[in-house]
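>
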């Protein structure tokens with residue numbers, strides 16, 4: 005079966021030179037990408053695309069916030085100004101600082117249900133906006149203002165049913181607003197909700213919880229493959245004097261690419277500002293990649309990567 | 052070479068400066084307490100109508116709007132409380148000016164002071180040697196400025212355009228001595244340049260009143276009061292008119308000794324001034340460092356909608372003054388005088404909003420809003436938007452009768468960003484964006500989180516966000532730098548959720564959320580795994596003798612046992628990791644974060 009390129013060449017040659025400009029397909033240049041701060045995730049996704057909407061979805065305790073903070077840390081290390089629109093006021097600055105986020109370069113917008121009340125008794129209180137409405141309005145303002153390297157919308161605690169009620173036009177508007185800019189628009193949520201407006205959708209799930217658990221039973225398989233992996237890493241001080249028997253060490257996570265328009269990062273190919281990047285060939289193979297396969301929306305094969313988030317202690 | 056800037060009908064010009072639409076109208080300015088109000092100044096159009104200085108208000112009212120129109124306006128104000136003087140004024144401005152009608156305005160000292168300060172700014176921007184001769188008159192020493200500004204005619208035009216930029220119409224005159232320049236500015240409209248040696252010839256046509264007005268000014272340092280000086284001036288004018296002396300030329304030609312024997316030293320001095328002589332040293336004044344514009348509103352403004360029209364005019368004038376001095380504003384102060392005293396609870400105190408970019412001080416019937424800008428800027432549109440958002444967030448509690456805007460001057464930004472530095476938000480745009488965001492999410496809920504030096508969970512304060520511009524020495528990371536594994540992060544519950552916990556062997560085994568009914572299901576179920584307890588306490592030193600926290604501002608003491616638990620949700624069956632704790636003081640359990 006002739007390839008698309010062959011067919012195109014045949015049609016162009018048959019119709020002559022007059023219609024070449026009409027038939028010329030405008031190929032969009034591959035977007036610049038930035039590192040997520042996690043090598044495994046970079047290898048899997050090719051990085052977060054600039055000028056596009058990316059989604060990181062997953063249930064509670066699936067590492068979404070860890071991935072978000074890693075991406076923010078990378079962005080602030082690049083001296084970019086970032087913004088976090090926190091729908092449920094759940095951002096922990098101490099965790100962010102421990103993860104390497106430069107808080108001086110992060111604008112944190114804390115949405116809440118009770119925030120839009122007028123302090124004056126003579127003036128009627130303005131209609132209290134819902135959290136999602138606040139998030140959308142604030143994001144609109146931030147994207148219109150411009151100049152941010154990364155804008156993160158944290159809907160991690162918003163129920164998936166509510167997030168799905170956000171009109172698709174809002175996501176489309178956001179996508180159009182960031183398209184001509186170098187801004188990375190990142191959405192943290194429980195379930196993907198931006199649909200086709202997202203250029204990259206990654207679903208996270210927890211494989212296991214790493215813990216030093218001296219007295220606990222070894223078999224810890226529970227609901228949804230829940231398990232505890234005993235850890236005896238060198239990072240945990242072995243101290244027999246400690247009375248408590250268990251210590252949370254981290255989580256093992258699995259990331260799956262649900263949708264992407266990024267080319268997979270090829271071996272030795274640099275991400276934006278990452279001249280020394282190197283990607284394992286296995287990750288390239290994970291997307292079933294040929295040279296032009298990045299244009300596909302849904303990967304032909306499941307593309308997974310495993311990584312670990314460690315506790316700060 | 053000396054220059055004189057003279058503003059004819061200064062009280063009228065000071066009003067017209069902030070209400071430019073009045074320039075096309077006949078305007079008379081009244082002064083005094085009712086019912087003894089008299090016209091003290093009027094513009095050329097009012098003079099053409101037949102109005103004169105010294106008229107009573109009743110006499111002047113004949114030339115102003117007809118009674119039925121005034122009545123109609125008053126009724127409209129009563130019927131619709133939202134209709135304000137500003138709106139009426141705007142409507143009048145839009146409508147075609149009716150010939151034969153004059154606008155009567157109360158004299159405004161605040162507006163005259165602002166106009167005078169603006170005039171001084173323009174003069175000091177031109178030359179540092181300025182004499183503040185009168186509120187409507189400035190004398191400038193232009194010696195040595197020809198190389199900078201060009202020929203005298205060019206300098207006169209340049210000065211005129213600068214004065215026009217602050218919305219004032221001035222007479223500019225240049226002459227070889229300050230007195231000749233002063234008389235030329237008072238006598239001739241527009242710009243006048245008197246070549247050296249032709250002063251007597253050019254000034255000869257001026258009426259003697261011009262000389263006597265200026266003569267009064269030159270005696271300002273004397274012990275006599277204004278009224279005495281006016282009386283002396285009138286007597287001298289009467290005497291000279293009886294002699295048939297009505298202009299400069301006639302006075303200049305009188306025999307000097309005969310004049311001195313009849314009028315004394317004052318007569319000799321008057322004759323020298325009429326001859327265009329009279330070199331003297333200027334009494335130089337210091338440049339104005341206080342930038343303030345004010346406007347008294349004829350009727351109180353009850354709603355915020357018409358206020359931007361007033362603020363815009365004042366801000367434009369303020370920015371023009373700052374630009375004239377090549378300065379920008381680092382801080383803006385908006386002061387509003389209210390019709391009635393506002394109760395304490397109606398105004399937000401400074402303490403509540405300390406550390407934010409703006410604060411409000413309430414006291415008596417005056418409210419002050421202060422905007423601290425992260426970078427010096429001089430854009431009236433940005434200032435207006437910021438003030439609008441500030442007023443929307445903290446509306447005044449009563450109708451406004453007077454508005455002041457003051458700016459703290461600062462050198463303008465001169466830094467230029469590098470071509471290869473990451474893009475950052477524009478400072479002006481960012482300020483407006485932050486103000487708008489604060490309007491949506493609330494005060495002090497958008498900014499930078501600054502960690503406190505404490506072991507307390509959630510120990511941080513919110514600071515105003517400023518896009519950092521200083522280049523750091525750190526190099527942008529590469530993939531090879533990303534060697535450190537990412538950290539497990541916490542998602543906080545603010546405020547913490549109260550729990551009911553069932554214990555077995557001292558460890559939590561079943562959790563039930565007490566608070567947060569909407570999301571109770573998330574924190575309800577069987578504990579699959581737990582780690583703890585970790586005990587932590589702090590800030591116990593903040594307790595006073597009564598066992599209570601010393602004050603609300605200080606951190607409260609905490610003493611708690613923390614547990615990390617894996618909870619199997621009863622509803623969905625999913626498992627999540629939470630950080631829960633038992634408050635040892637109250638014995639209650641709370642969940643304050645989840646691991647993610």
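Chains as they are written, first to last, in the numbering used here: chain A, 5 to 317; chain B, 52 to 647.
All C-beta atoms, glycine included, are put in the ideal place defined by N, C-alpha and C.
All values derive from a computational prediction rather than experimental measurement.
1. If I'm right that residue 363 (chain B) touches residue 435 (chain B) with Cβ under 8 Å, what's the distance once you round it to whole angstroms?
2. From the DSSP output, read off the bridge partner residues of residue 60 (chain A).
3. Excluding the five sequence neighbours on either side, which residues of its own chain have a C-beta within less than 8 Å of the C-beta of residue 175 (chain B), listed in chain order?
4. Along the beta strand (DSSP E) that carries residue 577 (chain B), what are the first and last residues, could you check?
5. State the start and end residues of the unbroken beta strand (DSSP E) segment that holds residue 170 (chain A).
6. What does residue 176 (chain A) reach in chain E if we use C-beta pairs closer than 7 Å?
7. On the DSSP letters alone, give me the boundaries of the alpha helix (DSSP H) that residue 513 (chain B) sits inside.
8. Pull up the distance between the alpha-carbon of residue 150 (chain A) and that of residue 177 (chain A), whole angstroms please.
9. Any contact of the segment 307-325 of chain B with the segment 211-223 of chain B, i.e. 3+ C-beta pairs under 8 Å?
10. What residues in its chain sit with their C-beta under 6 Å from that of residue 390 (chain B), if we drop five residues either side in the sequence?
11. Using a Cβ-Cβ distance cut-off of 8 Å, determine whether residue 114 (chain A) contacts chain B.
12. Along the segment 501-512 of chain B, where does the CB come closer than 9 Å to a CB of chain A? Name the residues.
13. Can you tell me where the alpha helix (DSSP H) holding residue 172 (chain B) begins and where it ends?
14. Would you say residue 138 (chain A) lies against chain B (beta-carbon separation less than 8 Å)?
15. Who are the Cβ neighbours of residue 186 (chain A) in its own chain at under 8 Å, not counting the five residues just before and after it?
16. For residue 345 (chain B) versus residue 161 (chain B), is the C-beta spacing smaller than 8 Å?
17. Is DSSP giving residue 483 (chain B) helix, strand or coil here?
18. Three or more beta-carbon pairs under 8 Å between the segment 96-103 of chain A and the segment 533-551 of chain B, yes or no?
19. Strictly below 7 Å CB to CB, what residues from chain A border residue 436 (chain B)?
20. To the nearest whole angstrom, what separates the beta carbons of residue 257 (chain B) and residue 238 (chain B), a pair I think is in contact under 8 Å?
21. Looking at chain A, is there any beta carbon in it that lies within less than 8 Å of the beta carbon of residue 543 (chain B)?
22. Could you run through the segment 99-112 of chain A and flag, in chain order, every residue whose CB is less than 9 Å away from some CB of chain B?
23. Compare the Cα-Cα distances from residue 136 (chain A) to each of A:183, A:193, A:80 and report the closest residue.
24. Decide if residue 244 (chain A) is buried, meaning its Cβ has at least 16 other Cβ atoms within 10 Å, or exposed.
25. Taking 8 Å as the CB-CB cut-off, is residue 376 (chain B) touching chain A?
26. So residue 203 (chain A) and residue 57 (chain A) are supposed to be a Cβ contact under 8 Å. How far apart are they, rounded?
27. If you draw a straight line from the alpha carbon of residue 536 (chain B) to that of residue 41 (chain A), how long is it in whole angstroms?
28. I need the DSSP call for residue 124 (chain A), collapsed to helix, strand or coil.
29. Who are the near neighbours of residue 374 (chain B) in its chain, counting only those whose CB is closer than 7 Å to its CB and skipping five residues on each side?
30. Between residue 83 (chain A) and chain B, is the shortest Cβ-Cβ distance under 8 Å, so that the two count as touching?
31. Using a Cβ-Cβ cut-off of 7 Å (strictly less than) and excluding sequence neighbours within five positions of residue 415 (chain B), which residues of its own chain qualify?
32. Quick one: is residue 170 (chain A) buried, meaning 16 or more other Cβ sit within 10 Å of its Cβ, or exposed?
33. Just the C-alpha distance for residue 128 (chain B) and residue 93 (chain A), rounded to the nearest angstrom, thanks.
34. Is the segment 222-231 of chain B in contact with the segment 79-99 of chain B, if contact means three or more CB pairs nearer than 8 Å?
35. For residue 484 (chain B), I'd like the list of residues in its chain whose CB is within less than 8 Å of its CB, leaving aside the five on either flank, ordered along the chain.
36. What's the C-alpha gap between residue 487 (chain B) and residue 426 (chain B)?
The structure says:
1. 5 Å
2. As a beta-bridge residue in DSSP terms, residue 60 (chain A) pairs with A:192, A:206.
3. 181, 338, 339, 376
4. 575-589
5. Counting along the chain, residue 170 (chain A) falls outside any beta strand (DSSP E), and DSSP gives it neither H nor E.
6. Going by chain labels, chain E is absent from the structure shown, which instead holds the protein chains A and B.
7. No alpha helix (DSSP H) contains residue 513 (chain B), which is instead part of the beta strand (DSSP E) from 511-514.
8. Answer to the nearest angstrom: the Cα atoms are 14 Å apart.
9. no
10. 351, 449, 450, 452
11. yes
12. 501, 502, 508, 509, 510, 511
13. 160-177
14. yes
15. Excluding five sequence positions before and after residue 186 (chain A), the CB atoms of its chain that fall closer than 8 Å to its own CB belong to 36, 54, 55, 153, given in chain order.
16. yes
17. helix
18. yes
19. For residue 436 (chain B), no chain A residue has a C-beta closer than 7 Å to its own C-beta; the minimum C-beta separation is roughly 13 Å.
20. Contact flag correct, Cβ pair sits at about 4 Å.
21. yes
22. 99, 100, 101, 102, 103, 104, 106, 107, 108, 109, 110, 111, 112
23. The residue with the shortest Cα to Cα distance from residue 136 (chain A) is A:193.
24. Confidence at residue 244 (chain A) is low in this model, with a pLDDT of 45, below 50, so the placement of that residue should be treated as unreliable; the coordinate-derived value is given next. By the neighbour-count rule (16 or more Cβ atoms within 10 Å), residue 244 (chain A) is not buried but exposed.
25. Judged by the 8 Å Cβ criterion, residue 376 (chain B) is not in contact with chain A.
26. Yes, residue 203 (chain A) and residue 57 (chain A) are in contact; Cβ-Cβ is about 6 Å, under 8 Å.
27. 9 Å
28. Low local confidence applies: a pLDDT of 45 at residue 124 (chain A) is under 50, so the model's placement there is unreliable, with the coordinate-based value given in what follows. In this structure, residue 124 (chain A) counts as coil in the three-state DSSP scheme.
29. 429
30. yes
31. 392
32. buried
33. Confidence at residue 128 (chain B) is low in this model, with a pLDDT of 39, below 50, so the placement of that residue should be treated as unreliable; the coordinate-derived value is given next. When rounded, the distance between both Cα atoms is 47 Å.
34. no
35. 476
36. 18 Å
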